[in-house]
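Trainee: Below is the structure I would like to discuss, written out as structure tokens.
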Amino acid sequence: MSDIVEDTPTTGQKFTAELLGTFVLVFFGCGAALISGGDYVATGLTFGLTVVVMAYAVGRISGGHFNPAVTLGAVLGGRLPWNQIGIYVAAQLVGGLLAGAVLFGLMHGFEGFDAEGRMAQNAFGDAGSGYAWWAALLLEVVLTAVFLWVILAVTDERNAVNAVMGPLTIGLALAMIHFASMGATGTSVNPARSIGVGVFAGMDAIVQLWLFVVAPLLGAAVAGLTYPLLFGHGAAPVAGSGLSFGGGRKGQPVPGSYEAQWNQGQQGGWGQPGSAWGAPPQQQWGQPDPYQQPQQPAQQQPNPYAAPPAQQSQPGQWGQPQQQPPAQPGQWGAAPAQPGQPGAPGHWGNPEGDDDGRTQVRRPD
């Protein structure tokens, strides 16, 4: 089995992973809403499936946030240092805006398409379903908090959920959230998703964007701060995270994120007993025992009974008669035994016997 070389992702790789993941989330999720005419099942499942797919694809690099609210919740929950939040949020906003721009251009392939209020944007009140602003705010806070609690719980290293079930659980949670709220606000729980298409949907959508930025961030903050209080930390908080604003250590893995758990899965397996972040691989069935001395060919193995050269043995050491009890025939220091008697060549305890080079155990007297 070949050794696995750890490769710590660079800042540029994390930026690219978050940009790509957010682009796919917004493009396919909002695209499904536009093409399907707002079908609940198609839209909800598409948003959920994009999270699953992209978490599998690039989660090992950045943790698979694709959402500024998830990043904020991870920071406040002790999973990510504050000094990385800027690069994550910037990548997510760029990815969302790129997806909105591509959708805006492609939708003009339909003759007479008008983007005003028709970009799968989030809305409330008269610009949307008529849902009151305060209710929309409260709904988005609650939904985002639930979403972050699920994410923090699934990625908790004490959770036995493995690399297959983790992203799937989070994707199903996002689909569930869409089914419960699309008719009210269009479902945000993600500022990058709302901004990405909202800026192309006309002035009414732009004016309402504040709610779909504030509410998800507030819900994420509630979940990030309360999860450790309710359930404890699965690992020591990352330096510079939570309510500590000091800088994190460069190259430090993020406990509880897809990145760290994926890397752990490559080494010791998700949720395996005894696994720890960065711990060496555990011995598995069929693998050599790392503590077992490997056997070598007989001609390369020194005689284990030979006294060390150029050293003067002391009484009681190998090669000298034992003080107590007196030496017996066949033991070290005794007179040579006669052929056919115990201790003769070929018998246990005789250094002149046939030695196959392997460690032997002296037959008890």
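The sequence shown begins at -14 in the numbering used here and counts up by one.
Glycine included, C-beta positions come from ideal geometry on N, C-alpha and C.
Taking Cβ positions, are G33 and L128 nearer each other than 8 Å?
Mentor: Here residue 33 is taken as the residue at index 48 of the sequence shown, counted from 1. Here residue 128 is taken as the residue at index 143 of the sequence shown, counted from 1. Not a contact, by the Cβ cut-off of 8 Å.
Trainee: Out of P213, M188, V126, I136, which has the shortest C-alpha to C-alpha gap to F197?
Mentor: Stepping through the sequence shown from its first residue, residue 197 is reached at position 212. Checked all of P213, M188, V126, I136; the closest Cα to F197 is V126.
Trainee: Given a cut-off of 8 Å, decide if T31 and G14 are closer than it, judged by their beta-carbon atoms.
Mentor: Residue numbering aside, residue 14 sits at position 29 when the sequence shown is read from its first letter. Residue numbering aside, residue 31 sits at position 46 when the sequence shown is read from its first letter. It is a contact, given that the beta carbons lie within the stated cut-off.
Trainee: Compute the distance between the beta-carbons of Q106 and A190, then report whether it is under 8 Å.
Mentor: On the sequence shown, residue 106 is found 121 positions in, with the first residue counted as 1. On the sequence shown, residue 190 is found 205 positions in, with the first residue counted as 1. Going by C-beta atoms, Q106 is nearer than 8 Å to A190.
Trainee: What residue range is occupied by the uninterrupted alpha helix (DSSP H) comprising L65?
Mentor: Against the sequence shown, residue 65 aligns to sequence position 80. Where L65 is concerned, there is no enclosing alpha helix (DSSP H), given that its DSSP letter is neither H nor E.
Trainee: Just to confirm before moving on: does the CB-CB distance between V60 and I72 stay below 8 Å?
Mentor: Start at 1 with the first residue of the sequence shown, and residue 60 comes out as number 75. Start at 1 with the first residue of the sequence shown, and residue 72 comes out as number 87. No.
Trainee: With 16 other CB atoms within 10 Å as the buried threshold, where does M188 fall?
Mentor: What you label residue 188 is simply residue 203 of the sequence shown in a count that begins at 1. Exposed.
Trainee: Skipping 5 residues on each side, what residues in its chain have a beta carbon closer than 8 Å to that of H218?
Mentor: Residue numbering aside, residue 218 sits at position 233 when the sequence shown is read from its first letter. For H218, where only same-chain residues beyond five positions count, the Cβ hits under 8 Å are G63.
Trainee: Just the C-alpha distance for A177 and A145, rounded to the nearest angstrom, thanks.
Mentor: The residue given as residue 177 occupies position 192 in the sequence shown. The residue given as residue 145 occupies position 160 in the sequence shown. When rounded, the distance between both Cα atoms is 31 Å.
Trainee: Anyone know if the C-beta pair for W134 and Y212 falls short of 8 Å?
Mentor: Position 149 of the sequence shown holds residue 134. Position 227 of the sequence shown holds residue 212. Yes, the pair counts as a contact, with Cβ atoms nearer than the cut-off.
Trainee: Would you mind sorting G209 into buried or exposed? The rule is 16 or more other CB atoms within 10 Å of its CB.
Mentor: Taking the sequence shown and counting its residues from 1, the one referred to as residue 209 is at position 224. Label assigned to G209: buried.
Trainee: What is the DSSP secondary structure of L5, counted as helix, strand or coil?
Mentor: Locating residue 5 in the sequence shown gives position 20, where the first residue counts as 1. Helix at L5.
Trainee: Going by alpha carbons, who is nearest to L202 out of T56, A2, A27, G85?
Mentor: Counting from 1 along the sequence shown, the entry for residue 202 is found at position 217. When only C-alpha atoms are compared, the closest one is T56.
Trainee: State buried or exposed for H50, treating a residue as buried only when at least 16 other CB atoms are found within 10 Å of its CB.
Mentor: Along the sequence shown, one-based indexing puts residue 50 at 65. The residue is buried, with at least 16 neighbouring Cβ atoms inside 10 Å.
Trainee: I need the DSSP call for Y116, collapsed to helix, strand or coil.
Mentor: The residue given as residue 116 occupies position 131 in the sequence shown. The answer is coil: DSSP assigns Y116 none of H, G, I, E or B.
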